[in-house]
Every structure is written in C-alpha cells, then in structure tokens.
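S.K.: The numbers in my numbering rise by one with no breaks, and the one at position 208 of the sequence shown is 352.
Provided herewith is a single structure, encoded as structure tokens, for subsequent inquiry.
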Amino acid sequence: MGERPAGRPWHANTRLDHFCIVTWAMEPERLARALPEGIEPQVFEVDGRECSLASAVAFEDRDFHFKGCPLARISCGQINYRAYVHRGEQTGVYFFRTVLGSRWTVVPRRLWSMPWVHEPVEVVGRWEGSEVRTLDVEAPGAVGRTSIRLAAGEGSEVPPALRSSQVADPALGWFTRYDGRLGRYSVWHPPLEVQATRVVVASAGPLEEAGLVDPGQAPLAALAQRSVEFDVHLPPLIG
C-alpha cells in the first residue's frame with residue numbers, strides 16, 4: 145500500500161469494524177461482459193485453473209468523517225460489491241454497487257454521481273481478542289439480498305491469490321457514474337491482518353444480479369479482521 149499520503153480537508157477517514165471479504169470465482173469472460181469499456185478482468189490462478197474474482201466486502205463504519213470537518217461523523221453498516229480488474233497497467237477494483245445503512249448516501253450520489261444505495265445493513269461480530277468467533281452480515285433490501293454468516297475455524301484452504309495485494313490491498317477503485325462516465329478514487333490503509341474463517345452461509349444478491357455469481361454458488365473463501373483504519377481520497381476523479 146505504501147506510505148500514507150498527506151491528509152487533505154476533503155479526504156475522509158473511518159475505522160472499519162467487523163471487516164470481512166467474501167470472494168467468489170467466475171470465468172474471466174463472464175466478468176468481462178459486466179464491465180465498462182476500458183476496464184478488463186484480472187486473471188488469477190486458483191486450484192490450477194484461470195479465473196476472475198469478485199467480492200462482497202462488509203464492515204461497520206465507525207466515525208466516518210471528512211478530515212476538514214471532524215465533528216460531523218456517521219457510523220453504520222456498509223457493503224461494497226467489487227471485482228478485481230485492471231485499466232491498462234493499473235490494477236484495482238471495479239465497484240458494481242455500494243450499500244450504506246445511512247441516509248448520507250445522498251452525499252456521494254449527488255455530489256459525485258457514485259452508485260451508492262441507502263438500505264438497512266447489519267454487520268455484527270463476536271470476537272475473542274483479535275480472533276473472530278462469528279460474523280453476520282444482513283442486507284435484505286430491494287437491490288438484492290445479501291446474507292453472510294462466518295464462524296471461527298478454517299474451511300477450505302485459502303488460495304494464495306486471495307491473499308495477494310491485488311485482492312487484499314487494492315488502492316484504486318473505478319465505478320460507473322450515473323451519467324455513464326467512469327469515476328475513480330483511491331484509498332490507504334495499514335497492512336491488513338486478516339484471518340481465514342469458515343463460511344456457514346454466503347449469498348450476495350448484487351453480484352448475482354450483475355451476472356457474476358450463480359444463486360447458491362459457494363464462495364472460494366472468506367477473510368476477516370476485527371478493525372482497520374481507512375483513508376478515502378476524495379473527491380473522485382473522472383476518467
């Protein structure tokens with residue numbers, strides 16, 4: 145991730161509690177059909193075959209605020225639905241949708257034309273120190289239900305690709321604005337210290353609606369971390 149960039153008043157800072165990444169695999173061609181022009185799938189090797197990856201990334205935002213306005217803070221659940229892509233030589237993620245459990249979604253929607261939706265999001269974790277016991281995510285809204293339950297203990301072995309910097313630490317993200325143009329922004333965070341968890345239940349309606357994941361398809365793996373600080377470099381740029 146590199147050195148932390150100098151903060152600016154319009155940059156945002158937040159702490160992500162009960163942070164988890166649940167990842168599914170699909171054929172690169174399948175992901176390519178869902179991406180805008182100029183954005184292409186990254187291809188990974190998992191269990192001896194080539195595939196592309198998409199994730200539901202869920203967490204509880206704690207004290208999200210702009211650095212120039214530290215007294216105005218919000219805390220709520222959030223889920224990002226993203227795929228791992230590249231644009232030319234730049235690697236990062238493409239955001240299909242973000243669901244936020246706060247009416248403040250109006251800010252990124254109206255100011256920056258970001259595809260954020262306000263719906264109830266519940267993210268609840270039980271931990272023993274830094275070790276997860278259970279982690280539950282529920283978003284039963286109209287844009288496609290997401291239901292995730294993780295528990296202590298490893299399920300299947302986590303493929304090395306899912307611990308790579310491209311998946312665990314992407315700094316750059318793209319999204320399609322409501323006017324059809326491409327937007328982008330970047331983030332910074334300290335190195336993640338995620339742990340593998342056992343997937344009890346996992347479904348992500350928006351990834352199914354995008355044609356990336358089949359109903360009932362099992363994820364490759366899930367990773368979790370109790371808490372991590374994030375900087376979000378706003379406003380997004382165009383192109």
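Each residue gets a CB set at the ideal place from its N, CA and C atoms; glycine is no exception.
None of the values given here were measured: they were computed from a predicted structure.
Nearest to Glu184 by alpha carbon, out of Tyr228, Cys164, Leu215?
M.R.: Closest option to Glu184, Cα to Cα, is Tyr228.
S.K.: What do you get for Trp260, buried or exposed, if any count of 16 or more other CB atoms within 10 angstroms of its CB means buried?
M.R.: By the 10 Å Cβ count, Trp260 comes out buried.
S.K.: Which whole-angstrom value describes the C-beta separation of Leu356 and Arg174, a residue pair presumed to lie in contact below a C-beta threshold of 8 Å?
M.R.: Indeed, because the Cβ distance is near 6 Å, the residues count as touching under 8 Å.
S.K.: I need the DSSP call for Arg231, collapsed to helix, strand or coil.
M.R.: If DSSP states are grouped into helix, strand and coil, Arg231 belongs with the strands.
S.K.: Select from Leu367, His262, Glu266 the residue whose C-alpha is nearest the C-alpha of Arg247.
M.R.: Out of Leu367, His262, Glu266, His262 has the C-alpha closest to the C-alpha of Arg247.
S.K.: Tell me which residue opens and which closes the beta strand (DSSP E) that Val372 is part of.
M.R.: That run of the beta strand (DSSP E) goes 365–382.
S.K.: Of the residues Ala198, Leu244, Ile382, Trp154, which one's Cα is nearest the Cα of Glu171?
M.R.: Among Ala198, Leu244, Ile382, Trp154, the Cα nearest to that of Glu171 belongs to Ala198.
S.K.: Quick one: residues in its chain with C-beta nearer than 6 Å to the C-beta of Arg289, no 5 flanking neighbours on either side, listed in chain order?
M.R.: Answer for Arg289: Gly349, listed in chain order.
S.K.: According to DSSP, simplified to helix, strand and coil, what is Ala150?
M.R.: In the structure shown, Ala150 sits in coil (DSSP, three-state: anything other than H, G, I, E or B).
S.K.: Tell me which residues share the same chain as Phe374 and place their Cβ nearer than 8 Å to its Cβ, disregarding the 5 neighbours each side in the sequence.
M.R.: For Phe374, where only same-chain residues beyond five positions count, the Cβ hits under 8 Å are Asn157, Thr158, Arg159, Leu160, Val331, Trp332, His333.
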